[in-house]
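Student: Let me begin by handing over the structure; questions about it come next.
Protein chains in written order, with my numbering: chain V, 129 to 605; chain H, 167 to 649.
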């Protein structure tokens, strides 16, 4: 039988606020355990939550970017369950009236654009974490993360393959970073995913029974976990067995999912509106303010890069994939005055390669946009050749000098003086009589040998076009 | 000195008749002397004397507030920095609060001297102060009787002269009912008027801190210091606090007093009814017009309250899990055992009863029938009050159906106990301000009357109470042996 996969994702994006969602404690990652938890985060008796306006701002920003309905009135609810890393015995979340309603996100898979529905996005607080190492049979609790703001983004079950799911997740990841609402750091858990996976016979409209795979924190694992899950479910159904509704965990070491708890074991969370917090009212004015500061979104930017800079789809996609990269590119174009394509090639080529090798992000690039622009300007005005430029780029990467100083200091300026070039060409021709014979008898390939010899003699500084032209004339004799 | 009013004492401190140290020592002595009433859970003698010393300095510098140097006490529901804050529970018997509640902070700033922390029903759940882990509090008018609850320790401390005034909290009547049963004046402010930050939550949408004192004027002074917007409490209301003392002497001429007929039906003790009638006559003489009204939703208040309050408490008390602070059972074998035994052993019977009721009311499949329905009733009750306030300025009625009952009498019958708040609970559901003031005695036991006002009409309530106290002396009676 042919099976169709149905996938919906719930993404938890940690909002990039300075302080927690209901307290003034800092959210920075990696501090000593329990040093970033105040009385409110610790769930001390008598403390009360106060909503961080910045978190609301970020949620609304996100909602507007996915063209969602922003709830004029949304409500925080208590989700009740006991766990040692949940200090109050309930998590403040949103249930019936989330802040962000239905929206959508377009993904591109194999050249086809597909619209994925987003059901809702709601604000909630994160829990702390249990620490099992070094406690000799006991469990330690670190509440630094408790109260960190999260935006839970719930998709419609619109994805039909692991590939689509990953494309959606990447697109969302790109978007939240674009908007500056989440740092997207998956290793630190700032962006994590629960996947709901089910299968059904192709053509059937009803959904199959789904399994939920919890807390997957990389694109690679999402793809692997979903693919494993699809295989597992097909295996079950093709052997007259059943998929049971349950929560599963993905084990990346064994590359498999395994049961965590069944539906019967699921908690009754007893949601009810949190009486400590007023409903959140969002008026048109607040929305208008956010709209005015909304950055250009990736899709729009990509289109603009294609038309305004005449870039191909692939290059435009890469350059618009992060706001910082896109800004870098546009600054280089503007400051260098070079053709956009040259800039794009350098950024997606040499610069990206160097950054990848060093494991750096564009924001940490040792070669700033201004310094790269300075280099490219010298290519474009023929001061140096493309080949020499690579040498200068190396030097830019290693030092803090500007391209002009490096070129001057190392004497890399291109030689366009035809007299100087001619002298060298004559010398090379005189020294290589045999090769001249070969060339004249029709072996065109030897031409490259002459170019190479001339360039070597001139330490690469000769203008290649000039060398080519003059060599041709001389050799033809 | 202990029978003097706050105003008189403030005067004495200024004229140098006595110092705050002397005043504080006198009260500390009385607390020791009348220890058997069990009004205090913790007496902070050292701190009180330090406070008094600071207050005397402040008084000599002419930078004093009306409360500066006045010995007061805090209900043990308010968190007090570095001082045990037990909430009347074994669960928090070992809990030293790491911060001050906003109310505590404000009273500290006013220069009040804190004598200690007052006994109360466990987590404010009770109407008799018998559910306290620290034992029942005794009514000074008759030590075999309950003082009411949950702010029983506060009412007794004021009534017996063990503090000039005290803070209380009122979720369903916990200021007004003990005030009535102990013959003092108590005010439950409009929901949001006094910050709840640092006040250990029982039912967050109903809880409200307020003043308890010997008379309306003292109550006004204490409320003045307690009230106000607090950015740490999202439910506190950001509107200016009026001067509660300036209008105390306003005339009541033309005041429209509504009497809901539902307050005067079956269940109300005849002698109490007579006292009410007398008091209302007094108001007639003061120029008020009496109008009978009907509020048919009042009878729904108790069932609605006993869904909403337990529902909220079931979540509010989840943090007491034996993990971070408070009581923890010995040698838990695993996590479930830690939770089950810490909570099972740490909470008393009434608290457990309410947690269970609330958990049940919020459970899947019951939520709509209980919680949502109770919320609808709550809106109807608020609407009923709103309608009434288009016809009358204030509403009056009884505070309690009877005078104080005997210690132990109702402990085995929760429903009977819940009914003792029948006249006070609706006010919390609507979030309105209300007062209880002494209006007479039945068989030597005090009776109070209740004055209910519109939102933020605390100043009017205090004015109405003060005018009554101007022409009566019920508030000046002192229990025998405590003169």
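We put the beta carbon where it would ideally sit given N, CA and C, even for glycine.
Quick check on residue 166 (chain V): does DSSP put it in helix, strand or coil?
Tutor: In this structure, residue 166 (chain V) counts as coil in the three-state DSSP scheme.
Student: Work out the CA separation of residue 551 (chain H) and residue 596 (chain H) for me, nearest whole Å.
Tutor: For residue 596 (chain H) and residue 551 (chain H), the distance between alpha carbons rounds to 8 Å.
Student: So for residue 342 (chain V), helix, strand or coil by DSSP?
Tutor: In the structure shown, residue 342 (chain V) sits in a strand (DSSP, three-state: E or B).
Student: Pull up the DSSP beta-bridge partners for residue 426 (chain H), would you.
Tutor: DSSP lists H:459 as partners of residue 426 (chain H).
Student: To which residues of the same chain is residue 183 (chain V) closer than 7 Å at the C-beta, ignoring the five residues directly before and after it?
Tutor: Taken in chain order, the residues that qualify are 143, 145, 149, 251 and 277.
Student: Determine whether the beta carbon atoms of residue 389 (chain H) and residue 344 (chain H) lie at a separation below 8 Å.
Tutor: Against a cut-off of 8 Å, the Cβ pair of residue 344 (chain H) and residue 389 (chain H) comes out as no contact.
Student: Along the chain, which unbroken stretches of the beta strand (DSSP E) at least 3 residues long are found entirely within the region 265 to 298 of chain V?
Tutor: DSSP runs (the beta strand (DSSP E)) wholly in the region 265 to 298 of chain V: 268 to 270 and 277 to 283.
Student: Buried or exposed: which applies to residue 253 (chain V), given that a residue is buried once 16 or more other Cβ atoms fall within 10 Å of its Cβ?
Tutor: Residue 253 (chain V) is buried by the Cβ-count criterion.
Student: In the region 387 to 417 of chain V, which residues sit with their C-beta less than 7 Å from some C-beta in chain H, listed in chain order?
Tutor: Those residues of the region 387 to 417 of chain V that come within reach of chain H (Cβ to Cβ, closer than 7 Å) are 396, 398, 400, 403, 404, 405 and 406.
Student: So the candidates are V:519, V:515, V:459 and V:536; which of them puts its Cα closest to the Cα of residue 620 (chain V)?
Tutor: Because chain V spans 129 through 605 in this model, residue 620 (chain V) falls outside it and cannot be assessed.
Student: Would you grab the beta carbon distance between residue 239 (chain H) and residue 323 (chain H) for me? Rounded to a whole angstrom, and I think it's under 8 Å.
Tutor: Rounded, the Cβ-Cβ distance is 5 Å, consistent with contact.
Student: Taking residue 211 (chain H) as part of the alpha helix (DSSP H), name the residues at either end of that continuous run.
Tutor: Run containing residue 211 (chain H): 211 to 226, per the alpha helix (DSSP H) assignment.
Student: Which stretch, first to last residue, makes up the alpha helix (DSSP H) that contains residue 191 (chain V)?
Tutor: Run containing residue 191 (chain V): 181 to 193, per the alpha helix (DSSP H) assignment.
Student: Taking just the CA atoms, how far does residue 536 (chain H) sit from residue 473 (chain H)?
Tutor: Each residue's alpha carbon lies about 7 Å from the other.
Student: What are the partner residues of residue 250 (chain H), as DSSP defines its beta bridges?
Tutor: DSSP output for residue 250 (chain H) lists H:262 as bridge partner(s).
Student: Cβ of residue 351 (chain H) within 8 Å of Cβ of residue 385 (chain H)?
Tutor: Yes, the pair counts as a contact, with Cβ atoms nearer than the cut-off.
Student: Can you check whether the CB of residue 312 (chain V) is closer than 8 Å to the CB of residue 301 (chain V)?
Tutor: For residue 301 (chain V) and residue 312 (chain V), yes; Cβs fall inside 8 Å.
Student: Extract the residue ranges of the beta strand (DSSP E) inside the region 583 to 639 of chain H, only unbroken runs of 3 or more that lie entirely within it.
Tutor: If we require 3 residues or more, the beta strand (DSSP E) runs fully inside the region 583 to 639 of chain H come out as 600 to 608 and 611 to 618.
Student: Going by DSSP, what residue range makes up the alpha helix (DSSP H) through residue 320 (chain H)?
Tutor: Per DSSP, residue 320 (chain H) belongs to the alpha helix (DSSP H) from 318 to 325.
Student: Check the Cβ of residue 477 (chain H) against every Cβ in chain V and list those closer than 9 Å, keeping chain order.
Tutor: What residue 477 (chain H) touches in chain V: 398 and 400.
Student: Where does the unbroken alpha helix (DSSP H) through residue 416 (chain V) begin, and where does it stop?
Tutor: Start and end: 412 to 421.
Student: Are the Cβ atoms of residue 270 (chain V) and residue 161 (chain V) separated by less than 8 Å?
Tutor: Yes, Cβ-Cβ distance for residue 270 (chain V) and residue 161 (chain V) is below 8 Å.
Student: Helix, strand or coil: which one does DSSP assign to residue 241 (chain H)?
Tutor: Three-state result, residue 241 (chain H): strand.
Student: Do residue 323 (chain V) and residue 293 (chain V) have their CB atoms nearer than 8 Å?
Tutor: Contact flag set, yes.
Student: In angstroms with no decimal places, state the Cα-to-Cα distance between residue 225 (chain V) and residue 475 (chain V).
Tutor: About 45 Å.
Student: Under 7 Å between beta-carbons, which chain H residues line up against residue 498 (chain V)? List them in chain order, please.
Tutor: Ordered by position in chain H, no residue passes the 7 Å Cβ test against residue 498 (chain V), which lies about 44 Å from the chain.
Student: Which partner residues does residue 476 (chain V) have in the DSSP bridge list?
Tutor: Answer by DSSP bridge pairing: none, since residue 476 (chain V) is not bridged.
Student: At what residues does the beta strand (DSSP E) containing residue 361 (chain V) begin and finish?
Tutor: Premise fails: residue 361 (chain V) lies in the alpha helix (DSSP H), 347 to 366, not in any beta strand (DSSP E).
Student: Indicate whether at least one CB of chain V lies closer than 8 Å to the CB of residue 297 (chain H).
Tutor: Residue 297 (chain H) does not count as touching chain V.
Student: Taking the C-alpha atoms as reference points, what is the distance between residue 223 (chain V) and residue 230 (chain V)?
Tutor: One C-alpha to the other measures close to 14 Å.
Student: Can you grab the Cα-Cα spacing for the pair residue 510 (chain V) / residue 526 (chain V), in whole Å?
Tutor: The straight-line gap from Cα to Cα measures roughly 24 Å.
Student: Using CA coordinates, which residue listed in H:601, H:331, H:517 and H:258 is at the minimum distance from residue 290 (chain H)?
Tutor: The candidate whose alpha carbon is nearest that of residue 290 (chain H) is H:517.
Student: Based on Cα-Cα distance, which residue from V:442, V:463, V:178 and V:217 lies nearest to residue 503 (chain V)?
Tutor: Checked all of V:442, V:463, V:178 and V:217; the closest Cα to residue 503 (chain V) is V:463.
Student: Since residue 667 (chain H) and residue 588 (chain H) are thought to touch, with beta carbons under 8 Å apart, how far apart are those beta carbons, to the nearest angstrom?
Tutor: Summary: the structure shown does not reach residue 667 (chain H), with chain H confined to residues 167 through 649, and so no result is reported for it.
Student: Can you tell which of H:554, H:578 and H:583 has its C-alpha closest to the C-alpha of residue 568 (chain H)?
Tutor: For the residues H:554, H:578 and H:583, the minimum Cα distance to residue 568 (chain H) belongs to H:583.
Student: Tell me which same chain residues have a C-beta within less than 7 Å of the C-beta of residue 576 (chain H), skipping the five on either side of it?
Tutor: So the qualifying residues of the chain are 294, 582 and 583.
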